[in-house]
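J.: Chains as they are written, first to last, in this note's numbering: chain A, 1 to 141; chain B, 1001 to 1141.
Got a structure here, written out as structure tokens. Questions coming.
Number of protein chains: 2
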Amino acid sequence: MKFSKKSEYGLRALLELCDTYGGRVLQRHEIAERQNIPVEFLEQILLALKRAGLLASRRGVRGGYALIKSPEEITLGQVIRILDGPLAPISCVSKTAYQKCADCPYAAKPSCPLQQAMGEVRDAIANILDHYTLSRFAHSK
Amino acid sequence: MKFSKKSEYGLRALLELCDTYGGRVLQRHEIAERQNIPVEFLEQILLALKRAGLLASRRGVRGGYALIKSPEEITLGQVIRILDGPLAPISCVSKTAYQKCADCPYAAKPSCPLQQAMGEVRDAIANILDHYTLSRFAHSK
DNA sequence: AATTTGTCTAGTGAGTTGCTCAAGATTTCG
DNA sequence: CGAAATCTTGAGCAACTCACTAGACAAATT
Chain A
1 MKFSKKSEYG LRALLELCDT YGGRVLQRHE IAERQNIPVE FLEQILLALK RAGLLASRRG
61 VRGGYALIKS PEEITLGQVI RILDGPLAPI SCVSKTAYQK CADCPYAAKP SCPLQQAMGE
121 VRDAIANILD HYTLSRFAHS K
Chain B
1001 MKFSKKSEYG LRALLELCDT YGGRVLQRHE IAERQNIPVE FLEQILLALK RAGLLASRRG
1061 VRGGYALIKS PEEITLGQVI RILDGPLAPI SCVSKTAYQK CADCPYAAKP SCPLQQAMGE
1121 VRDAIANILD HYTLSRFAHS K
């Protein structure tokens, strides 16, 4: 039931990028050094965030990465879903990636007893993470 | 961010055992068949729950497993922690298995920005799962 | 003693995690 | 233009975890 290093690194990298939002770009090695993240691994993360539309990048000598959405628009939930997949603790209660359980004897019946509890957990997690924006961390370094 | 099959199977097995609580014992193959769980895998789960004090067992001809705590006393949180480990999404916010993050630059400083959010998530999950007892599912088959 | 159960330990194949490496594309600067 | 700096892409890999299997063993019942 843990988040991966990928999410953790991704969030820490975004915290750095928040601090220079609107200003200069940051290069991978700057972020990596400040946040203590293996640079090549960080790169994959930054690229995933770029493909998801959170970051822009420029190659070449004065290249680097920068946020293209404002910190108020980016939630922890978004970031974690990009890097770690759906938040739901079991897929039969996921809203973004629902899947019927294959082997559960309750799957066919009107209501699975576990589904209700797990649904509540999913909602609680999503409620927190989808309302936590990066701006809430700004300059809290 | 998912729970394992182990937890899911464990909870489903406990639902069966709730139904016969106070009455007869259930054998592994009965539970396995009804809940569609590979019997040898289920066994490991039942043994873990036994070692944790939730179940008793008897060997031999009329052997089997039975709950030794009442369904009101067993919470989903307990079960999941036994089978899946701590609930916290990152170990630096776990109450049952705290560990300082090694590489995080915020680890030393008074407050890590992510820790607050993750702590809230942990509390939300624990609040739900530690208050959901097995008795809430009884006879909802 | 034979059978039926649970107990324990180890193994195993597939997939994931966390990370590394190397070749290539793009931009800037001299 | 050419060299250097940077991002880009894709492959590879060791270690681990997950979900399960197998087999020898212990105890209870008949």
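Heads up, the beta-carbon is just placed ideally off N, CA and C, and yes, glycines get one too.
1) Roughly how many angstroms lie between the CA atoms of A/Gly142 and A/Ala48, to the nearest whole one?
2) For B/Tyr1065, report the span of its beta strand (DSSP E) as first-last.
3) If the cut-off is 8 Å on Cβ atoms, which residues from the stretch 18 to 47 of chain A count as contacting chain B, listed in chain order?
4) Just confirm the distance between the C-beta atoms of B/Gly1060 and B/Gln1027, as a whole number of angstroms; I'd bet it's less than 8 Å.
5) Write down the C-beta distance between B/Phe1003 and A/Ile90 rounded to the nearest angstrom, noting that I regard them as a contact closer than 8 Å.
6) Please go through the same chain and pick out, in chain order, the residues whose beta-carbon is closer than 8 Å to the beta-carbon of B/Tyr1132, but skip the five residues on each side of it.
7) Starting from A/Ser7, trace the alpha helix (DSSP H) both ways and give me its first and last residue.
8) Rounded to whole angstroms, what's the CA-CA distance from A/Asp103 to B/Ile1037? Just pull it up for me.
9) Which of the three DSSP states, helix, strand or coil, is assigned to A/Ala102?
10) Give the secondary structure of A/Leu83 by DSSP, where H, G and I count as helix, E and B as strand, and everything else as coil.
11) Which one of B/Glu1120, B/Ile1128, B/Arg1136 has the shortest CA to CA distance from A/Leu130?
12) Can you list, in chain order, the residues of its chain with a C-beta nearer than 7 Å to that of A/Lys6? Leave out the 5 residues immediately preceding and following it.
T.: According to the data block:
1) Any answer about residue 142 of chain A is impossible in this case: the structure gives chain A only from 1 up to 141.
2) 1064 to 1067
3) Arg34, Gln35, Asn36, Ile37
4) Not a contact, Cβ separation roughly 11 Å.
5) 6 Å
6) Thr1075, Leu1076, Gly1077
7) 5 to 19
8) 8 Å
9) coil
10) helix
11) The sequence given here has Asp at residue 130 of chain A, not Leu. Closest option to A/Asp130, Cα to Cα, is B/Glu1120.
12) Ile45, Leu83, Asp84
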